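Notes follow the structure.
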Amino acid sequence: MALNRYQRQKITQSVRTVKQSETSIRQLLFFFGFFLTLPLQAAKVDSLDVPSAVMKKNLRAVVVLPDSYASSARNKTTYPVLYLLHGGYGHFNDWITKTPDKTLIHRLADQYNLIIVMPEGEVFSYYLDSPVVKDSHFETYLTKEVIDKIDNTYRTVRTPKGRVITGLSMGGYGALYLATRHPDLYCAAGSMSGALNLDMNTWKLPPDAFKNIRAEFEKILGPFSQSPDGWAAYSVVGMADKMKTNGLKLVIECGVDDFLIEPNRELHRRLVFNQTPHDYSERPGGHSWEFWQNALPYQVLFFSKVLNEN
């Protein structure tokens, strides 16, 4: 049967409409699939004041809450806390602004149902109580004032069984230093690229960098030439026997190209010698955010196993 001109036009329009619909459906499916591949940042990020009475100043912290935190309010579910410390010359928000993957902390909080707290440690406090600078008492601040503020603000597990700590570089030092001196506060501690020996003799640094960092240490510890034994007392590598006594779960990582690799190896050797159980890893990489971004998920997995056992 022959079709007239009008009928042919209608059929052509119908075919065109079907093809347009197919194209639209394909586009919708493409964009739907694309958004499914995007990381979901369901975790909530808080930024809050954590004032210090001991140092007489106001400091801030970032707190990442897992997505399940809000929905579990009716059941009053409590959550373990990971204290995550920044490095030297850094600040409290480094971990959420400087990692190549800006969703890293959010995803870890959601995956492991952890509250992750990133407190301020200023540019060169080393998280210790300075014997010479009155407004640099970060050991007291972290172990008393920050923990009290977090426990009184959020639904946390308020015992050592629900509290872990780690950090990078200065923060790696700080995490092991604080946990070793306060085993009543934490059940596990870690370090990534930790600056674990403060006399710096084994640090692989150019002369100018060595001189500048030595000057920063002298600001908070006093002249090295006048108190070398005092500096040694602050070095984490000298705390291996205390770590054995405490029995805390330990995880230590450092890149093979890191200028701090030797202090990390020295602590590892001492812990092996005195038979202290610990998890020690060396991987390719240097003193960089790429290395720390890769290391942190391994450490959080380690902590999750400890927390689950508790």
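Quick note on numbering: the sequence shown equals residues 544 to 853 in my numbering. Yeah, the Cβ is synthetic: ideal placement off N, Cα and C, and Gly gets one too. All figures in this text were calculated on a predicted structure; none of them were measured in a lab.
Measure the alpha-carbon distance for residue i versus residue j and round it to whole angstroms.
| i | j | result |
| --- | --- | --- |
| E761 | F767 | 6 Å |
| E825 | L608 | 30 Å |
| N789 | T723 | 7 Å |
| P594 | K600 | 6 Å |
| D610 | V849 | 22 Å |
| D644 | A838 | 13 Å |
| G798 | F834 | 7 Å |
| R808 | N755 | 24 Å |
| Y777 | L741 | 7 Å |
| A586 | E852 | 24 Å |
| S770 | D592 | 36 Å |
| N530 | N618 | What is shown of the chain runs 544 to 853, which leaves residue 530 out entirely. |
| Q842 | V794 | 7 Å |
| K747 | S614 | 49 Å |
| P856 | L803 | Because the chain here runs from 544 to 853, residue 856 falls outside it and cannot be looked at. |
| G829 | P726 | 30 Å |
| D653 | D772 | 45 Å |
| M661 | M713 | 14 Å |
| S679 | A596 | 12 Å |
| L572 | H649 | Note on L572: pLDDT 44, under 50, position unreliable in the model; no value is reported. |
| H811 | P840 | 21 Å |
| G664 | A752 | 21 Å |
| M782 | E682 | 16 Å |
Is the CB-CB distance between residue i and residue j below 8 Å?
| i | j | result |
| --- | --- | --- |
| I658 | L651 | no |
| R757 | M735 | no |
| V675 | Y632 | no |
| V779 | G733 | no |
| L628 | Q836 | no |
| L764 | S847 | no |
| G630 | L739 | no |
| L728 | I690 | yes |
| Y670 | L685 | yes |
Which stretch, first to last residue, makes up the beta strand (DSSP E) that contains residue i?
| i | result |
| --- | --- |
| P662 | I658 to P662 |
| M735 | A731 to M735 |
| R701 | Unbroken run through R701: none, as it is neither H nor E. |
| S824 | D822 to R826 |
| V607 | R603 to L608 |
| L793 | K792 to G798 |
| L591 | K587 to D592 |
For residue i and residue j, which I take to be in contact (beta-carbon distance under 8 Å), what is that distance rounded to the nearest angstrom?
| i | j | result |
| --- | --- | --- |
| K787 | C730 | K787 to C730, Cβ: 16 Å. No contact. |
| K641 | W832 | 5 Å |
Could you spell out the range, first to last residue, of the alpha helix (DSSP H) harbouring residue i?
| i | result |
| --- | --- |
| V815 | I804 to F816 |
| R650 | L647 to Y655 |
| Y626 | Note, Y626: premise wrong, no alpha helix (DSSP H); beta strand (DSSP E) at V624 to L628. |
| K754 | P750 to L764 |
| S611 | S611 to S614 |
Just checking: is the beta-carbon of residue i within a distance shorter than 8 Å of some beta-carbon in chain B?
| i | result |
| --- | --- |
| A838 | The structure shown contains no chain B; it is built from a single protein chain. |
Counting Cβ pairs, one atom from each stretch, are 3 or more of them under 8 Å apart for the segment 633-653 and the segment 602-620? Look at the beta carbons and you see the segment 633-653 touching the segment 602-620: at least three pairs across the two are nearer than 8 Å.
How about the segment 621-629 and the segment 693-710: do they share at least three Cβ pairs that are nearer than 8 Å? Judged by pairs of C-beta atoms under 8 Å, the segment 621-629 touches the segment 693-710, as three or more such pairs exist.
Three or more C-beta pairs closer than 8 Å, one from the segment 691-699 and one from the segment 717-733: is that the case here? Here the segment 691-699 does not lie against the segment 717-733, with fewer than 3 beta-carbon pairs under 8 Å apart.
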